[in-house]
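Chains as they are written, first to last, in my numbering: chain A, 286 to 397; chain B, 222 to 331. We put the beta carbon where it would ideally sit given N, CA and C, even for glycine. Bear in mind the structure is a predicted one, so any value in this text is a computation, not a measurement.
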Amino acid sequence: DAMVIQNPRYQVTQFGKPVTLSCSQTLNHNVMYWYQQKSSQAPKLLFHYYDKDFNNEADTPDNFQSRRPNTSFCFLDIRSPGLGDAAMYLCATSSRVPYGYTFGSGTRLTVV
Amino acid sequence: GNSVTQMEGPVTLSEEAFLTINCTYTATGYPSLFWYVQYPGEGLQLLLKATKADDKGSNKGFEATYRKETTSFHLEKGSVQVSDSAVYFCALSKSGKVIFGPGTSLSVIP
């Protein structure tokens with residue numbers, strides 16, 4: 286089945302040690318999004334790619350970066366994770382936004 | 222700016238009870254409206270959607286009607302089951318982005 290896959294499901298990283306989360310899709314959607322969701326809160330958009338065009342949200346910290354080497358893959362890089370970056374990170378894709386997103390299962394990041 | 226407001230939870234219901242989760246939005250123009258569901262430890266799943274005024278979205282016994290006059294998109298289900306226990310997010314899309322409400326946690330007890 287076509288889907289959005291996030292790896293790993295659980296990631297533990299050390300304070301200040303760079304970490305990369307990955308997302309892949311078989312839907313051939315041209316838009317990919319990264320959301321941060323903290324406990325009991327709504328997902329917060331960090332940035333998105335429309336094809337190769339990167340769109341950063343104004344309040345996304347510089348500590349968060351993203352790469353999209355091709356249509357299928359998108360990566361979230363956290364350069365120096367802090368304790369406050371512990372959260373669920375959700376990847377989503379869309380071909381036509383009025384029809385909604387398809388989400389991956391998320392990666393839960395723990396910072397120790 | 223664009224925003225979504227939902228009724229505060231948590232909501233606890235007995236099995237087979239009637240469910241309503243209120244959602245109102247603020248947006249210019251005509252956004253598309255969605256309900257997403259998140260089960261524990263999982264990502265979000267699209268539950269239903271409506272793309273224009275007076276549209277009714279429905280799925281798995283859940284329904285919501287796009288009411289432009291009241292800027293609302295309330296979620297309803299006639300008879301909830303224990304398996305419906307989850308967090309429900311109302312959302313709108315505008316200008317290429319989806320904006321989520323704060324979520325409403327639903328617990329259904331046998």
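Worksheet item: At a cut of 8 Å, does the segment 386-394 of chain A reach the segment 240-252 of chain B through at least three beta carbon pairs?
Response: No: fewer than three Cβ pairs fall under 8 Å.
| query | Can you list, in chain order, the stretches of the beta strand (DSSP E) that have 3 or more residues and sit fully within the segment 274-301 of chain B? | reply | Complete beta strand (DSSP E) runs here, min 3: 277-280, 283-286 and 296-298.
field: Interface residues of chain B facing F349(A) [CB-CB closer than 9 Å]
entry: As a working note, residue 349(A) is residue 64 in the first sequence. Result: empty, since nearest Cβ-Cβ is about 17 Å, beyond 9 Å.
Can you tell which of A285(B), Q302(B) and V258(B) has its C-alpha closest to the C-alpha of F294(B)?
For the purposes of this step, residue 294(B) is taken as residue 73 along the second sequence, with counting starting at 1. The residue with the shortest Cα to Cα distance from F294(B) is A285(B).
query: Is the CB of L375(A) under 8 Å away from at least one CB in chain B?
result: Looking up residue 375(A) in the first sequence gives position 90. Yes, its Cβ sits closer than 8 Å to a Cβ of chain B.
Out of curiosity, what's the CA-to-CA distance linking G222(B) and T247(B)?
Looking up residue 222(B) in the second sequence gives position 1. Looking up residue 247(B) in the second sequence gives position 26. Looking at the backbone, the Cα of G222(B) and that of T247(B) are separated by about 7 Å.
- Query: What's the gap between the Cα of T325(B) and the Cα of Q310(A)?
  - Reply: As a first step, residue 325(B) must be located in the second sequence, where it is residue number 104. As a first step, residue 310(A) must be located in the first sequence, where it is residue number 25. Each residue's alpha carbon lies about 29 Å from the other.
Determine the direct distance from the alpha carbon of P331(B) to that of T345(A), and round the result to whole angstroms. Taking the first residue of the first sequence as 1, we reach residue 345(A) at position 60. Taking the first residue of the second sequence as 1, we reach residue 331(B) at position 110. Near 42 Å, if we compare the C-alpha coordinates of P331(B) and T345(A).
Partner residues on chain B for A327(A), Cβ-Cβ distance less than 7 Å
As a position in the first sequence, residue 327(A) is number 42, starting the count at 1. What A327(A) touches in chain B: F310, F321, G322, P323 and G324.
Taking 8 Å as the threshold (C-beta atoms), are R364(A) and P303(A) in contact? Locating residue 303(A) in the first sequence gives position 18, where the first residue counts as 1. Locating residue 364(A) in the first sequence gives position 79, where the first residue counts as 1. Closer than 8 Å, so yes.
Report the residue from S235(B), E263(B), R288(B) and T249(B) whose alpha carbon sits nearest the alpha carbon of Y295(A). To locate residue 295(A), count along the first sequence from 1; it is residue 10. Of the listed residues, the one whose Cα sits closest to Y295(A) is E263(B).
Review point. Sorry if obvious, but does the Cβ on Y318(A) come closer than 7 Å to a heavy atom of the ligand HEM?
Key: Questions concerning the ligand HEM fall outside what the structure shown contains, since it holds no ligand whatsoever.
Closest to P354(A) by C-alpha separation, out of F339(A), N292(A), G367(A) and D347(A), would be which residue?
Mapped onto the first sequence, residue 354(A) falls at position 69. Closest option to P354(A), judged by alpha-carbon separation, among F339(A), N292(A), G367(A) and D347(A): F339(A).
Item to check | According to DSSP, residues forming a beta bridge with R352(A) | outcome: Start at 1 with the first residue of the first sequence, and residue 352(A) comes out as number 67. The bridge partners DSSP lists for R352(A) are F360(A).
| task | Classify V316(A) as helix, strand or coil using the three-state DSSP reduction. | result | Locating residue 316(A) in the first sequence gives position 31, where the first residue counts as 1. V316(A) carries a strand assignment under DSSP once its states are collapsed to helix, strand and coil.
| Whole-angstrom Cβ separation of Y257(B) and A312(B), contact assumed at under 8 Å? | One-based indexing of the second sequence puts residue 257(B) at position 36. One-based indexing of the second sequence puts residue 312(B) at position 91. Between Y257(B) and A312(B) a beta carbon distance of about 6 Å is seen, short of the 8 Å cut, so the two are scored as contacting.
If contacts are defined as beta-carbon pairs under 8 Å, then M317(A) and T378(A) qualify, I think. What distance do you get, rounded to the angstrom? As a first step, residue 317(A) must be located in the first sequence, where it is residue number 32. As a first step, residue 378(A) must be located in the first sequence, where it is residue number 93. Right, their Cβ atoms sit about 5 Å apart.
Item to complete: Run the CB neighbour count on V247(A), radius 10 Å, all protein chains shown included, and call it buried at 16 or more, exposed below.
Response: Limits of chain A in this structure are 286 at one end and 397 at the other, which puts residue 247(A) out of reach.
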